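A short worksheet on the structure shown next.
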Amino acid sequence: MSDYLVIVESPAKAKTIERYLGKKYKVKASMGHVRDLPKSQMGIDIEHEFEPKYITIRGKGPVLKELKTAAKKAKKIYLAADPDREGEAIAWHLAHSLDIDVTSDCRVVFNEITKDAIKESFKHPRAINMDLVDAQQARRILDRLVGYNMSPLLWKKVKKGLSAGRVQTVAVRLIIEREQEIASFEPQEYWTVNASFQKDNDQFEGSLIEYKGKKVDLSNEEDVQRILKNVEGNEFSITKVTKKERKRNPAPPFTTSSLQQEAARKLNFRAKKTMMIAQQLYEGIDLGKEGTVGLITYMRTDSTRISETAQLEANEYIVNAFGKEYGMNEKRKEKKSAKSQDAHEAIRPTGTMRKPNEIKEYLSRDQYRLYKLVWERFVASQMAPAIMDTMSVDLNNSDVVFRANGSKVKFPGFMKVYVEGSDDQVEEKENMLPNLEEGETAYSKDIEPKQHFTQPPPRYTEARLVKTLEELGIGRPSTYAPTLDTVQKRGYVALDNKRFVPTELGEIVLELILEFFPEIIDVEFTAKMETSLDDIEDGQVEWIKVIDDFYKDFETRLEKAEKEMKEVEIKDEPAGEDCEECGSPMVFKMGRYGKFMACSNFPDCRNTKPIVKEIGVKCPKCEEGNIVERKSKKKRMFYGCDRFPSCDFVSWDKPIARKCPKCESLLVEKKQKKGTQVTCTGCDYKEEPQG
2 MSDYLVIVES PAKAKTIERY LGKKYKVKAS MGHVRDLPKS QMGIDIEHEF EPKYITIRGK
62 GPVLKELKTA AKKAKKIYLA ADPDREGEAI AWHLAHSLDI DVTSDCRVVF NEITKDAIKE
122 SFKHPRAINM DLVDAQQARR ILDRLVGYNM SPLLWKKVKK GLSAGRVQTV AVRLIIEREQ
182 EIASFEPQEY WTVNASFQKD NDQFEGSLIE YKGKKVDLSN EEDVQRILKN VEGNEFSITK
242 VTKKERKRNP APPFTTSSLQ QEAARKLNFR AKKTMMIAQQ LYEGIDLGKE GTVGLITYMR
302 TDSTRISETA QLEANEYIVN AFGKEYGMNE KRKEKKSAKS QDAHEAIRPT GTMRKPNEIK
362 EYLSRDQYRL YKLVWERFVA SQMAPAIMDT MSVDLNNSDV VFRANGSKVK FPGFMKVYVE
422 GSDDQVEEKE NMLPNLEEGE TAYSKDIEPK QHFTQPPPRY TEARLVKTLE ELGIGRPSTY
482 APTLDTVQKR GYVALDNKRF VPTELGEIVL ELILEFFPEI IDVEFTAKME TSLDDIEDGQ
542 VEWIKVIDDF YKDFETRLEK AEKEMKEVEI KDEPAGEDCE ECGSPMVFKM GRYGKFMACS
602 NFPDCRNTKP IVKEIGVKCP KCEEGNIVER KSKKKRMFYG CDRFPSCDFV SWDKPIARKC
662 PKCESLLVEK KQKKGTQVTC TGCDYKEEPQ G
């Protein structure tokens, strides 16, 4: 018989914690929630203050029975679900199922699964925080009221299987509005003028910035020629030299949102994958002799706060590894967002001394890459700023002024470990200018005007959309990954070249919701609702009042929509070819994994086939088929012969419609950081990368 029973959410976590606590403790897993609202009905008594009707989740009976048996044998039960609203709700549901007094000191929380953190947390058990539980209940009830009322309406008026939700509908709106911006965008012409200069044996570049003391605005070629005709000869006088020292601070440690963004940029991970692997690292990895260890702190957080203990350990590592000058000499001010709940620390390694390379053998490839990202970001965040030497030089010829800028790293600081990525893929490169002084002369070798056109705003990548939702206060750290997953599964948006594009279905659904339920997709309204949930958590407002205030108007709109919303028929788009099995026209249909072709004679004929896109290249293997784009099971693009399986030619790199000038073999385009490079598949022939 164990003296104490500890209930956590997952078996991996149970195994780790049981080892730390010793023989007197038995640790069992609830496998997440044991009770929830029923799937087959609303499960909310609207007439009686929105009282939720909870039932044991199907399949959880045996788990609950095992927990009850263990509970009878224990002197004391501790509920140690995750340290967030949902974890608090899981603990509350368990307390209800196991007849535990919620006001007793039954709840234990910890931000990291390490021996010291676990033992310390068990010294400070507390009662279940009902404000946190109520905030989670309110979110669940709000989403149920919206989803279970609006979804059947969409099934009736548009198509079976659709759904509507508070956060997902706003996400779809952002994607559609961005597409509308792109469609209505009118490019504006503008010009830049760059020049190559020489002084003695040194060459450097400069750009036209000023004419007759005014900043230049070059909107057409006439503007360019009007200014350049004033340049006399190729002598430019150096009129101004500015040298400065600039500090560059490291990025703060990861929050849930910034981890998802950076993992997308640097590791090409989807938000869902990032959270799944982070959960594994948090719950514990078997490190051989060291046993099972939680490698990172809790991964659902909006705070960049770091404990003093972690700061001291990081500084010790940094000073030993790089030298005292690389340590953080002054305490960096933490930028706390007004929307941040600051309930937990930032995401960091549980031990700075546990270096990624030293535990690589115990991790899968993806676990290692994500752990390395978290470790490097955290260590860099605790390091000294980088110091850059910058230099700016103005060159004048007849009041036509060019400016050359240069910079170099004087002291790398945090950059020795890690530099934050960018959505725009702009890298800060060293560009040192020669030693130039005011009054000296430089000579222009080549002045090159270039025509440009303004570009529309970019489509959302997962990283950009997560960042935008966070900035707008829509949703919370735990909601981003499932939200992005849901809008794709419902067929409202699709990914094209890793960027979201809306589907016709998404546009139709959004238009209907906008007409009858404008507040559901209003960005400000949704953000205000998140604030109301935070107020419930802080004990400032009753959850029933928040739900009641929302439902009064929502119910009225629902009744109006039932009567006035017109049925929409989504016609299948002709595919332009006939079915090879029955001769009927083929049509495009939207499935769970995107568009596909199907026979219009369904259900009598069930022929379907994927949509293939020809790239205008003949198959180099069979010389009869055409190369088409295909997607692997993991959604990675590859290229193959359209005569498959008769011809098995495949290539990850895109073939192009010309042969190698050296050996006549197939040329392909390889994507690299510097751009796309054409290389030969049969010899060492390569062309210069094209940006």
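The sequence shown begins at 2 in our numbering and counts up one residue at a time.
All C-beta atoms, glycine included, are put in the ideal place defined by N, C-alpha and C.
What you are looking at is a predicted structure, and each value in this text was computed from that prediction instead of being measured.
Given 8 Å as the limit, is there contact between the region 485-502 and the region 155-173, that is, 3 or more CB pairs closer than that? Touching, yes, given that three or more Cβ pairs across the two stretches are closer than 8 Å.
Tell me whether Ser393 sits in a helix, a strand or coil according to DSSP, three-state version. Residue state, collapsed to three classes: strand.
Inside the region 45-106 only - beta strand (DSSP E) runs reaching at least 3 residues: Annotation note: the region 45-106 contains the following uninterrupted beta strand (DSSP E) runs of length 3 or greater, listed N- to C-terminal: 77-80.
Closest to Lys373 by CA distance: which of Glu317, Arg349, Glu630 and Leu209 is it? Restricting attention to Glu317, Arg349, Glu630 and Leu209, the CA atom closest to the CA of Lys373 is found in Arg349.
For the candidate residues Val109, Ile47 and Gly683, whose alpha-carbon lies nearest to that of Glu10? Per the C-alpha coordinates, the member of Val109, Ile47 and Gly683 positioned closest to Glu10 is Val109.
Collapsed DSSP secondary structure at Ala347 in the structure displayed: The answer is coil: DSSP assigns Ala347 none of H, G, I, E or B.
Looking at the secondary structure, which residues open and close the alpha helix (DSSP H) in which Ala315 lies? Element bounds for Ala315: Glu309 to Phe323.
Anyone know if the C-beta pair for Pro53 and Ile114 falls short of 8 Å? Not closer than 8 Å, so no.
With DSSP run on the structure shown, which of helix, strand or coil describes Thr275? Per DSSP, reduced to three states, the secondary structure at Thr275 is helical.
According to DSSP, is Trp192 helix, strand or coil? If DSSP states are grouped into helix, strand and coil, Trp192 belongs with the strands.
Assign Trp376 to one of two classes, buried (16 or more other C-beta atoms within 10 Å of its C-beta) or exposed (fewer than that). Classification of Trp376: buried, given that the 10 Å Cβ count is 16 or more.
In this structure, what does DSSP give as the bridge partners for Leu209? According to DSSP, residue pairing for Leu209 in a beta bridge involves Phe403.
Minimum C-alpha distance to Leu68 - residue among Ile101, Phe123 and Thr680: Relative to the Cα of Leu68, the nearest Cα in the group Ile101, Phe123 and Thr680 belongs to Ile101.
Please determine, among Val613, Cys620 and Cys583, the residue with the shortest C-alpha to C-alpha distance to Cys606. Nearest Cα to Cys606 within the set Val613, Cys620 and Cys583: Cys583.
Boundaries of the alpha helix (DSSP H) in which Thr532 is found, first to last residue: From DSSP, the alpha helix (DSSP H) with Thr532 extends over Val524 to Glu538.
Rounded Cβ spacing between Asn221 and Glu187 (contact assumed at less than 8 Å): Between the beta-carbon of Asn221 and that of Glu187 there is about 15 Å, and that puts the pair past the 8 Å contact cut.
Restricting to Cα atoms, I'd like to know which of Ser308, Gln368, Gln226 and Lys77 is closest to Gln452. Closest by alpha carbon: Gln226.
Please confirm whether Lys241 and Asp395 have their CB atoms less than 8 Å apart. Yes, these two residues count as a Cβ contact at 8 Å.
Assigned exposure category for Cys623 - 16 Cβ within 10 Å defines buried: With fewer than 16 Cβ atoms within 10 Å of its Cβ, Cys623 is classed as exposed.
Counting along the chain, where does the beta strand (DSSP E) carrying Gln452 start and finish? Looking at the DSSP string, the run of the beta strand (DSSP E) that includes Gln452 is Thr442 to Phe454.
Short of 8 Å in beta carbon distance, which residues of its chain neighbour Phe551, apart from the five on each side in sequence? Order them along the chain. Closer than 8 Å at the Cβ level, and outside the excluded window around Phe551, lie Leu143, Leu146 and Met530.
Determine the contact status of Arg301 and Thr351, defining contact as a CB-CB distance below 8 Å. By the CB criterion at 8 Å, Arg301 and Thr351 fall outside the cutoff.
Any idea if Ser304 is buried or exposed, counting beta-carbon neighbours within 10 angstroms, 16 or more meaning buried? The residue is buried, with at least 16 neighbouring Cβ atoms inside 10 Å.
Given a threshold of 16 other Cβ atoms within 10 Å of its Cβ, counted over all protein chains shown, does Ala29 qualify as buried or as exposed? The identity of residue 29 in the sequence shown is Lys, whereas the question assumes Ala. By the 10 Å Cβ count, Lys29 comes out buried.
So which of Lys590, Gly44 and Glu560 has the shortest CA-CA distance to Ile571? Comparing Cα positions, the closest option is Lys590.
Pick from Asp85, Ala347, His94 and Leu154 that is closest to Arg36, judged by C-alpha positions: For the residues Asp85, Ala347, His94 and Leu154, the minimum Cα distance to Arg36 belongs to His94.
Ignoring anything shorter than 4 residues, give me the alpha helix (DSSP H) runs that lie fully in the region 571-652, in order along the chain. Counting only runs that start and end inside the region 571-652, there is no alpha helix (DSSP H) element of at least 4 residues.
In whole angstroms, give me the CA-to-CA distance for Ile210 and Val194. Taking the straight line joining both Cα atoms gives about 9 Å.
Range covered by the beta strand (DSSP E) that runs through Phe555: Where Phe555 is concerned, there is no enclosing beta strand (DSSP E), although the alpha helix (DSSP H) it sits in stretches over Trp544 to Glu565.
Who are the near neighbours of Val618 in its chain, counting only those whose CB is closer than 6 Å to its CB and skipping five residues on each side? Its chain contains Ile628, Pro656 and Ala658 as the residues whose beta carbon lies nearer than 6 Å to that of Val618, once the 5 sequence neighbours on both sides are disregarded; these appear in chain order.
Express the C-alpha separation of Glu512 and Thr462 in angstroms, rounding to a whole number. Each residue's alpha carbon lies about 23 Å from the other.
Do you know how far the Cα of Ser601 is from the Cα of Asn608? Pairing Asn608 with Ser601, the inter-Cα distance amounts to about 9 Å.
Tell whether a beta-carbon distance below 8 Å holds between Thr527 and Val173. Against a cut-off of 8 Å, the Cβ pair of Val173 and Thr527 comes out as no contact.
Tell me which residue opens and which closes the beta strand (DSSP E) that Glu512 is part of. Counting along the chain, Glu512 sits inside no beta strand (DSSP E); it lies in the alpha helix (DSSP H) bounded by residues Glu505 to Phe517.
If you draw a straight line from the alpha carbon of Lys361 to that of Cys107, how long is it in whole angstroms? Whole-angstrom Cα-Cα distance: 37 Å.
Between Gly88 and the rest of its own chain, which residues show a CB-CB distance below 6 Å, the 5 nearest in sequence each way excluded? The residues are Ala82.
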